[in-house]
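K.L.:
The sequence shown finishes on residue 196 if you use the working numbering, and the numbering steps up by one all the way, no holes.
Ideal Cβ positions, reconstructed from N, Cα and C, are used throughout, including at glycine.
Just so we're clear, the structure is a prediction, and the values are computed from it rather than from any experiment.
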Amino acid sequence: MPDTRITLRKRRPYATKSNKIRKVKTPGGILRVHYLKKRTKAPRCGDTGTKLNGVPVQRPRELARLSKPKKSVSRAYGGVLCGNAVRDRIHRAFLIEESRAVKQRLRQQEAIARQTKTAAEREESRKKKSKKSGASASTVKKA
Numbered sequence: 054m055p056d057t058r059i060t061l062r063k064r065r066p067y068a069t070k071s072n073k074i075r076k077v078k079t080p081g082g083i084l085r086v087h088y089l090k091k092r093t094k095a096p097r098c099g100d101t102g103t104k105l106n107g108v109p110v111q112r113p114r115e116l117a118r119l120s121k122p123k124k125s126v127s128r129a130y131g132g133v134l135c136g137n138a139v140r141d142r143i144h145r146a147f148l149i150e151e152s153r154a155v156k157q158r159l160r161q162q163e164a165i166a167r168q169t170k171t172a173a174e175r176e177e178s179r180k181k182k183s184k185k186s187g188a189s190a191s192t193v194k195k196a
């Protein structure tokens with residue numbers, strides 16, 4: 054009867070997520086233990102949740118060993134947002150800026166209209182005053 058006993062190579066016997074094992078039979082017929090690494094998840098876009106292209110799928114320790122250009126994409130929000138999300142943000146920012154500019158132009162036009170209106174009202178009031186004062190002066194002269 055073959056020996057089914059195994060000996061753990063590490064000194065952590067607890068069945069934790071980071072201590073998973075697989076029993077492997079060697080060509081010599083001996084049972085050994087292989088320690089499994091956790092499965093990796095691909096980095097995802099913060100807005101849309103889609104997988105990011107150009108960013109490697111690795112565990113944090115391996116990612117730390119990579120150089121910066123290998124961990125991200127050379128674009129605004131590279132390695133954080135996908136291209137479609139960046140395009141949408143740029144488009145939204147442009148539209149907001151345009152609406153602000155339109156509102157500012159409308160305010161300026163209203164201010165100019167108010168100024169011309171008040172200037173016209175002042176001229177009319179001056180004309181009325183001059184007519185009244187001119188009429189009273191002529192009546193005074195006649196008397």
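Using the three-state DSSP reduction, which class does residue 121 fall into: helix, strand or coil?
P.N.:
helix
K.L.:
Can you find the residues in the same chain that come closer than 7 Å, C-beta to C-beta, to residue 101, ignoring five residues on each side of it along the sequence?
P.N.:
135, 137 and 138
K.L.:
Applying the 10 Å Cβ sphere with the 16-neighbour rule, what's the burial state of residue 105?
P.N.:
buried
K.L.:
Identify whether residue 85 lies in helix, strand or coil by the three-state DSSP scheme.
P.N.:
strand
K.L.:
Just the C-alpha distance for residue 167 and residue 178, rounded to the nearest angstrom, thanks.
P.N.:
Whole-angstrom Cα-Cα distance: 16 Å.
K.L.:
Give the DSSP-derived three-state secondary structure of residue 149 in the structure shown.
P.N.:
In the structure shown, the three-state DSSP call for residue 149 is helix.
K.L.:
Between which residues of its own chain and residue 125 is the CB-CB distance below 7 Å, once the five residues before and five after are set aside?
P.N.:
108, 131 and 132
K.L.:
Alpha carbon to alpha carbon, what distance is there between residue 140 and residue 151?
P.N.:
17 Å
K.L.:
Kindly indicate which three-state DSSP category residue 64 falls into: helix, strand or coil?
P.N.:
In the three-state reduction of the DSSP assignment, residue 64 falls in the coil class, being assigned neither a helical nor a strand state.
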